[in-house]
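Visitor: Residue numbers (my numbering): 2 to 306. Even for Gly, the Cβ is constructed at its ideal location relative to N, Cα and C. Input: one structure, supplied below.
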Amino acid sequence: MRVALFGGTGFVGSYLVDALVAAGHDPALLVRPGSEAKVRHADRCRIVAGDIGDDKAVVETLSYCDAAIYNIGILRELPDQGITFKALQYDGVMRVAERSMESGVKRFLLMSANGVKPNGTPYQETKYLAERFVAQSEMEYTIFRPSIVFGDPRGRMEFCTQLRDEMIRPPIPAPNFFTGISPSTGGFSMSPVHVRDVVEAFVRSLPDPTTYSATYTLCGPEAVAWPDIIRRIAAACGRRKLILPAPAGLVGAVASVFDRFSWFPVTRDQLTMLTEGNTGDSSEVFADFGIQPSPFDDQHLSYLR
Ligand SMILES: NC(=O)c1ccc[n+]([C@@H]2O[C@H](COP(=O)([O-])OP(=O)(O)OC[C@H]3O[C@@H](n4cnc5c(N)ncnc54)[C@H](OP(=O)(O)O)[C@@H]3O)[C@@H](O)[C@H]2O)c1
């Protein structure tokens with residue numbers, strides 16, 4: 002299939018291109034000026050220069066395609082540069098979906114996230130509204146909601162490399178975030194899912210009509226408590242780490258002061274989503290796709306060394 006991919010140059014997108022090419026598809030990528038060198042398998046991809054806000058470039062990316070994948074997303078807004086959750090996670094989806102229908106591209110895969118909801122953080126809310134828009138359209142859609150995605154980011158950043166650089170390597174204790182009054186009652190867990198398992202689910206669903214109109218949660222095989230996440234990442238880096246309780250409310254108050262500075266490692270909303278936890282049982286989903294999901298273990302974290 003000829004597949005228009007929006008968001009093909011980032012962490013997950015780079016693996017999506019690998020998987021599409023390996024499955025014999027022909028990707029067409031919308032690539033922002035300056036990101037051309039990040040395109041993998043450039044010789045196998047049709048590349049259209051432009052931003053998701055550029056209607057003409059979106060239409061050009063979709064031309065000759067049989068399907069579209071919307072994978073663009075951000076974790077932090079920079080409103081003075083027009084980088085907002087609404088622009089990139091809702092308006093962009095709407096634009097691609099509408100232009101897809103006008104161009105006769107009916108198959109549409111949407112990258113969402115586990116935990117999206119109305120009245121959540123702007124990240125969660127815009128993704129939730131984008132899901133609703135797609136579900137109410139005439140398209141043959143499939144929506145994917147991964148938990149935290151991990152895997153070698155190949156020079157980019159993902160959750161574990163960010164934790165390694167910002168919590169494990171600095172010579173200070175790592176925070177055991179908790180909500181409420183104590184870590185024993187206010188702890189949380191996550192089910193990190195490997196990037197290759199996520200992109201494989203996308204590629205297997207692409208030509209499969211039985212996955213039309215479905216929303217799949219993609220969680221890794223284990224719910225790992227936050228202190229264990231820290232310990233496993235530290236062990237993968239060959240370190241041991243002292244972990245001390247850190248009330249999320251207090252850290253959130255500090256984060257909210259620094260929210261507007263891009264150098265500050267975490268926003269208040271990111272902390273809110275972190276302490277909500279991010280787990281789920283996707284064993285049936287992966288079994289249906291014929292995928293054996295990778296565990297969050299030393300072997301699969303070896304890229305952190
Ligand atoms: N990573 C996770 O743990 C995780 C978990 C759940 C869901 N997700 C979702 O998965 C998707 C990919 O995440 P990721 O971690 O791979 O993010 P990423 O590495 O930051 O990649 C984001 C992609 O979006 C593109 N993009 C950003 N702004 C754009 C714009 N204005 N116009 C066109 N393209 C633009 C980026 O292009 P450039 O290369 O030019 O910046 C890049 O290709 C997102 O929707 C995210 O919400 C991720």
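#1: Buried or exposed for S257, going by 16 or more other Cβ atoms inside 10 Å?
#2: Does the Cβ of Q137 have 16 or more other Cβ atoms within 10 Å, making it buried, or fewer, making it exposed?
#3: For the structure I just gave you, are there three or more beta carbon pairs, one from the segment 52 to 62 and one from the segment 35 to 43, closer than 8 Å?
#4: Less than 6 Å separating the Cβ of G74 from some heavy atom of ligand 1?
#5: Can you give, in chain order, each stretch of the beta strand (DSSP E) that sits fully within the segment 94 to 144 and has at least 3 residues?
#6: Count the other CB atoms, across all protein chains shown, that sit within 10 Å of the CB of E132; report buried if there are 16 or more and exposed otherwise.
#7: Please go through the same chain and pick out, in chain order, the residues whose beta-carbon is closer than 6 Å to the beta-carbon of Y71, but skip the five residues on each side of it.
#8: Per DSSP, I230 is paired with what?
#9: How far does the alpha helix (DSSP H) with D19 in it reach, from first residue to last?
#10: Candidates G11, V252 and R306: which alpha carbon is nearest C161's?
#11: Have a look at the DSSP bridge pairing and note the partners of V4.
#12: Any chance the CB of T10 is under 6 Å from a heavy atom of ligand 1?
#13: Between the C-alpha atoms of G291 and T180, what's the straight-line distance to the nearest angstrom?
#14: Measure the C-alpha to C-alpha separation of R197 and G253 and round it to an integer number of angstroms.
#15: Among residues of its own chain, excluding the 5 on either side of V49, which ones have a beta-carbon nearer than 8 Å to its beta-carbon?
#16: Would you check whether ligand 2 has a heavy atom nearer than 6 Å to the C-beta of R33?
#17: Short of 6 Å in beta carbon distance, which residues of its chain neighbour R321, apart from the five on each side in sequence? Order them along the chain.
#18: Is there at least one non-hydrogen atom of ligand 1 closer than 6 Å to the beta-carbon of F160?
#19: Spatial neighbours of R3 within its chain, please: C-beta separation below 6 Å, excluding the five flanking residues on both sides.
#20: Flag M140 as yes when its Cβ comes closer than 6 Å to any non-hydrogen atom of ligand 1, and as no otherwise.
#21: Taking Cβ positions, are A249 and L219 nearer each other than 7 Å?
#22: Is G278 a contact residue of ligand 1, with contact defined as CB to any heavy atom under 6 Å?
#23: Just list the residues that DSSP pairs R47 with in beta bridges.
#24: Output the distance between the C-alpha atoms of G239 and P172, rounded to the nearest integer angstrom.
#25: Pick helix, strand or coil for P176, following the three-state DSSP scheme.
#26: Who are T216's beta bridge partners in DSSP?
Guide: With the structure as the only source:
#1: Mapped onto the sequence shown, residue 257 falls at position 256. Exposed is the call here.
#2: Taking the sequence shown and counting its residues from 1, the one referred to as residue 137 is at position 136. When all chains shown are included, Q137 counts as exposed.
#3: no
#4: Mapped onto the sequence shown, residue 74 falls at position 73. Yes, the beta carbon of G74 sits closer than 6 Å to at least one heavy atom of ligand 1.
#5: 108 to 112
#6: Mapped onto the sequence shown, residue 132 falls at position 131. Counting Cβ neighbours within 10 Å, E132 comes out buried, since at least 16 surround it.
#7: Taking the first residue of the sequence shown as 1, we reach residue 71 at position 70. Counting only Cβ-Cβ distances below 6 Å, and skipping sequence neighbours, we find F7, V94, V97 and L111.
#8: On the sequence shown, position 229 is the one that residue 230 refers to. Bridge partners of I230: none, in fact.
#9: Residue mapping note: residue 19 aligns to position 18 of the sequence shown, counting from 1. Counting along the chain, the alpha helix (DSSP H) containing D19 begins and ends at F12 to A23.
#10: Numbered from 1 along the sequence shown, position 160 holds the residue referred to as residue 161. Comparing Cα-Cα distances from C161 to each of G11, V252 and R306, the minimum goes to R306.
#11: What you label residue 4 is simply residue 3 of the sequence shown in a count that begins at 1. P28 and A68.
#12: Against the sequence shown, residue 10 aligns to sequence position 9. It does: the Cβ of T10 is within 6 Å (strictly closer) of some heavy atom of ligand 1.
#13: Position 290 of the sequence shown, counted from the first residue, corresponds to residue 291. Position 179 of the sequence shown, counted from the first residue, corresponds to residue 180. When rounded, the distance between both Cα atoms is 38 Å.
#14: Position 196 of the sequence shown, counting from 1, holds the residue named residue 197. Position 252 of the sequence shown, counting from 1, holds the residue named residue 253. The alpha-carbon atoms of R197 and G253 are separated by roughly 32 Å.
#15: Numbered from 1 along the sequence shown, position 48 holds the residue referred to as residue 49. A29, L30, L31, V32, A58, E61 and T62.
#16: For the structure depicted, ligand 2 is absent and the ligand set comprises only ligand 1.
#17: This structure gives no information on residue 321, because the portion of the chain shown stretches from 2 to 306.
#18: Indexing the sequence shown from 1 puts residue 160 at position 159. At least one heavy atom of ligand 1 is nearer than 6 Å to the Cβ of F160, so yes.
#19: As a position in the sequence shown, residue 3 is number 2, starting the count at 1. Here the set comprises D27, Y65, C66 and D67.
#20: Working through the sequence shown from its first residue, we reach residue 140 at position 139. Flag unset: Cβ of M140 not near ligand 1.
#21: The residue given as residue 249 occupies position 248 in the sequence shown. The residue given as residue 219 occupies position 218 in the sequence shown. Their beta carbons are not under 7 Å apart, which means A249 does not touch L219 by this criterion.
#22: Position 277 of the sequence shown, counted from the first residue, corresponds to residue 278. Not so, every heavy atom of ligand 1 lies at least 6 Å from the Cβ.
#23: Your numbering for residue 47 matches position 46 in the sequence shown. R47 is bridged to A29.
#24: Sequence index remark: in the sequence shown, residue 239 carries index 238 (1-based). Sequence index remark: in the sequence shown, residue 172 carries index 171 (1-based). When rounded, the distance between both Cα atoms is 14 Å.
#25: As a first step, residue 176 is located in the sequence shown; it is residue number 175 there, counting from the start. If DSSP states are grouped into helix, strand and coil, P176 belongs with the strands.
#26: Numbered from 1 along the sequence shown, position 215 holds the residue referred to as residue 216. Paired residues: I144.
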